[in-house]
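Asks:
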Amino acid sequence: MTPADLPTASPRALLLDVDGTLVDSTYVHVSTWARALAEAGAPVPHAEVHRRIGKDGSTLVAELLEVGGVEDDDEVRDRVAGRAKDLHDEYYADAADSLRLLPGARDLVRGAKERGWITVLATSAPPSEFRHARELLDVDDHVDAVTTGEDVDTAKPDPTVVAIALERAGVDAEHAVMVGDATWDAIAAGKLGIRSIAVRTGGIGDDELRAAGYAEIADDAAGVLALLDRG
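Taking the working numbering, the leading residue of the sequence shown gets 487, the next gets one more, and so forth.
This is how it looks when you write it as structure tokens:
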């Protein structure tokens, strides 16, 4: 008997972050944000960008303008932030063809579905960015629902996008698992009482991942299925 043959008491949902979890985009975001901020007048170290990847975009930019020493004036900061966002969108779009799937990404989505999980791509990425990732994944026939940045005003660690993913899955929090690479994924899931599994592919250390609330850690998406099978 395989895991797919085992009966389950109720439907289970797997809420999957996309950037850094299924698609190797974390460091593309780091480099394009760092370049955009520098050109907009807020140069910051790549490390400062990296530690914020996966966080709500407006919050990310506001924090990095502070790090970059931008004048504490609303008009100035709004102008620099707007310019940085526009440049990031441009540079990220230019780099889209360099994106690749992370190990086991497709197998995780397909394997979870075959095991009876309701699968949701729970991202708050802008639709234009998500569209390319979705095409790259090519697993629509194994996905039950998706979220994007169009669904929320504020992204993770605000839990709204995860709550929407949970609602679209149609299960209670106790029957859901969130898989992510950033601390923000676990923080958002934790606010809703959802168990979370981390992957190391976003470049965040184990201590930080555990402190954020992840129950378990896998090297990558390929290792998540084994954790799900274990229960």
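Beta carbons are placed, not taken as given, at the ideal position from N, Cα and C, and that holds for glycine.
#1: Which runs of the beta strand (DSSP E) at least 3 residues long sit entirely within the stretch 566–639? Give them in chain order.
#2: Using the three-state DSSP reduction, which class does Ser496 fall into: helix, strand or coil?
#3: Determine the burial state of Ser511: buried for a count of at least 16 other Cβ atoms within 10 Å of its Cβ, exposed for fewer.
#4: Which of the three DSSP states, helix, strand or coil, is assigned to Arg681?
#5: According to the neighbour-count rule (16 or more other Cβ atoms, all chains shown, within 10 Å of its Cβ), is Ala548 buried or exposed?
#6: With 16 as the cutoff for other CB atoms within 10 Å, does Pro645 come out buried or exposed?
#7: What residue from Ala649, Asp639, Asp593 and Val566 has the CA that sits closest to Val629's CA?
#8: Tell me the start and end of each unbroken alpha helix (DSSP H) in the stretch 509–557 that is at least 4 residues and wholly inside, in chain order.
#9: Considering only the alpha carbon of each residue, which of Lys642, Asp639 and Trp519 lies closest to Val566?
#10: Could you spell out where the beta strand (DSSP E) holding Glu702 opens and where it closes?
#11: Compare the C-alpha of Ala675 against each of Thr609, Arg586, Asp706 and Leu711 and name the closest.
#12: If we cut at 8 Å on Cβ distances, does Val685 have a partner in chain C?
#13: Taking only three categories from DSSP, how would you classify Asp503?
#14: Tell me the DSSP bridge mates of Val665?
Replies: In short, the structure shows the following:
#1: Qualifying beta strand (DSSP E) stretches, in chain order: 603–608 and 631–633.
#2: In the three-state scheme derived from DSSP, where H, G and I count as helix and E and B as strand, Ser496 is classed as coil.
#3: Buried, by the Cβ-count rule.
#4: Annotated three-state conformation of Arg681 is strand, per DSSP.
#5: The residue is exposed, with fewer than 16 neighbouring Cβ atoms inside 10 Å.
#6: Classification for Pro645: buried.
#7: Closest by alpha carbon: Asp593.
#8: Runs found: 512–526, 532–536 and 543–553.
#9: Check the Cα spacing between Val566 and each of Lys642, Asp639 and Trp519: the tightest is with Trp519.
#10: Where Glu702 is concerned, the enclosing beta strand (DSSP E) stretches over Glu702 to Ala704.
#11: Of Thr609, Arg586, Asp706 and Leu711, the residue nearest in Cα terms is Thr609.
#12: No chain C is part of this structure, which consists of one protein chain only.
#13: The three-state reading of DSSP puts Asp503 in coil, since its state is none of H, G, I, E or B.
#14: Per the DSSP secondary-structure output, Val665 pairs in a beta bridge with Leu502 and Ile683.
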